[in-house]
Structures are given as structure tokens and as C-alpha cells.
Amino acid sequence: MVMIMAIKIFIDQGHNPSGPNTGSSGNGLKEADVTYKVGEILKNLLIQNGSFQVMTSRKTPTEVLGNSNSSSLTERVRMANNWGADYFISLHTNAVANPQANGSEIFTFRLSGPAYNMARIILRNIVARLDMRNRGVKEGSSLYVLRRTKMPALLIELGFISNERDAYKLETNPEGFAYAIYQGILEYLF
């Protein structure tokens, strides 16, 4: 009998709900709440599939990681590296002063390799399922969680919390974002 090892996916629900590293807010939403919700739905989809083991950075919506911005990021990376994750997916929302800025984008350490290839497929799924503007896959080698993880890592900017249309989708359809990421993972891996 052949034992098939489960693929280990670490889901980082970006930012904290309070204290350090709280992330962005806009249109009545907080980034940490959106990322927690999408991360929980994605975790459950992956677990139900049976081919995955999943760990999340925050176990509850109120959990705070670290006591500074840097220690919050360090803890997320430490958890993923120590667990031996096969893939690291960090969930975020964008925010800028211009309320017209909108769309989804994904950052990877370099614009080649496994993380980049997975990111392209996930982004295509998000754009198609949620009618989001495609802002592309971008190089993010300066981002701590992409620089310090030992496995292919993606930082997904789901949409702009500062844009009314994107924020509405983030608030009313977290399942759609989670399912699009899930479908992208399956398409890439299988």
C-alpha cells in the first residue's frame, strides 16, 4: 500500500485585529477581519478535500501575534517554517488614498518558479470568479514573509478595502475569494 502524504498549506491571515500590525481599514471593514474570514473558509475547503493539512496563523478572530510589527511578521514565518509547510499563502487587502484604485494582485519573491506559477493561476481564478480587475503577479522580494519563508510563498492582495466596489465584494462574498484561491491551488497542484 502506498502512503500519499498530505500537502501542507500554511494560511497566514494577514495582520492583527488590534495592537501592533493591524493593517488597513476602509468602508467599515478591517483588513484583519476580512483576512481571517477568507482564511477560515479556505482552510475548511482544503481540509474537506482530504489531500491537505492546513495550519493558520491566527486560531481565533481576536488572536494577536507578536508585540510589534516586526515580531508579528517573524511569528508568522516561524510558524510556517517550523511546521514544514509546503506552501505559504498570506492573505491581505490593499488600501490607498485614491478611492478609485481597485483590483486583485499577488506578490511572489521572484517572477519565476513554483510560487509564481501558482500565483498566476490563483489570480486568474479570483479575477474570473469575482469580476476583479487583474493587477498582475508582482515581484515582492522586499516583503518579509516572502523573503524569510523556506517554501514557495504568495502574498495575495484580495482587493482594495479603500474602494467601495472591492470592499463590498470582500464583505459580502468571502466565500467567493476563498473558493477562487482553492480552485487555483487545485488547478496548480493537480
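Position one of the sequence shown corresponds to residue 41 (the numbering used here), numbered consecutively onward. Ideal Cβ positions, reconstructed from N, Cα and C, are used throughout, including at glycine. Just so it is clear, the structure is predicted and the values come from calculations on it, not from any experiment.
Do you know whose CA, among the options, lies nearest residue i's CA?
{"i": "residue 54", "options": "114, 226 and 224", "result": "114"}
{"i": "residue 48", "options": "219, 74, 185 and 122", "result": "122"}
{"i": "residue 108", "options": "63, 228 and 209", "result": "63"}
{"i": "residue 229", "options": "104, 60, 129 and 158", "result": "158"}
{"i": "residue 98", "options": "139, 135 and 52", "result": "52"}
{"i": "residue 176", "options": "105, 160 and 187", "result": "160"}
{"i": "residue 96", "options": "174, 179, 182 and 130", "result": "130"}
{"i": "residue 183", "options": "198, 148 and 65", "result": "148"}
{"i": "residue 128", "options": "134, 135 and 119", "result": "119"}
{"i": "residue 199", "options": "90, 187, 135 and 150", "result": "135"}
May I ask you to list the residues that DSSP assigns as paired with residue i?
{"i": "residue 47", "result": "92"}
{"i": "residue 128", "result": "50 and 193"}
{"i": "residue 146", "result": "177 and 196"}
{"i": "residue 66", "result": "69"}
{"i": "residue 134", "result": "200"}
Measure the C-alpha to C-alpha separation of residue i and residue j and round it to an integer number of angstroms.
{"i": "residue 101", "j": "residue 76", "result": "6 Å"}
{"i": "residue 79", "j": "residue 126", "result": "17 Å"}
{"i": "residue 214", "j": "residue 185", "result": "23 Å"}
{"i": "residue 110", "j": "residue 104", "result": "13 Å"}
{"i": "residue 117", "j": "residue 92", "result": "19 Å"}
{"i": "residue 59", "j": "residue 210", "result": "23 Å"}
{"i": "residue 178", "j": "residue 50", "result": "21 Å"}
{"i": "residue 90", "j": "residue 212", "result": "27 Å"}
Please state if the CB of residue j and the CB of residue i are separated by a distance shorter than 8 Å.
{"i": "residue 196", "j": "residue 132", "result": "yes"}
{"i": "residue 61", "j": "residue 201", "result": "no"}
{"i": "residue 81", "j": "residue 207", "result": "no"}
{"i": "residue 204", "j": "residue 139", "result": "yes"}
{"i": "residue 165", "j": "residue 112", "result": "no"}
Three CB pairs or more closer than 8 Å across the region 139-159 and the region 184-201: The answer is yes - the region 184-201 touches the region 139-159, with three or more Cβ pairs under 8 Å.
Three or more C-beta pairs below 8 Å linking the region 168-185 and the region 135-148: Judged by Cβ distances under 8 Å, the region 168-185 makes contact with the region 135-148, as three or more pairs qualify.
The region 78-95 contacting the region 207-225, beta-carbon criterion three pairs below 8 Å: The region 78-95 vs the region 207-225: in contact.
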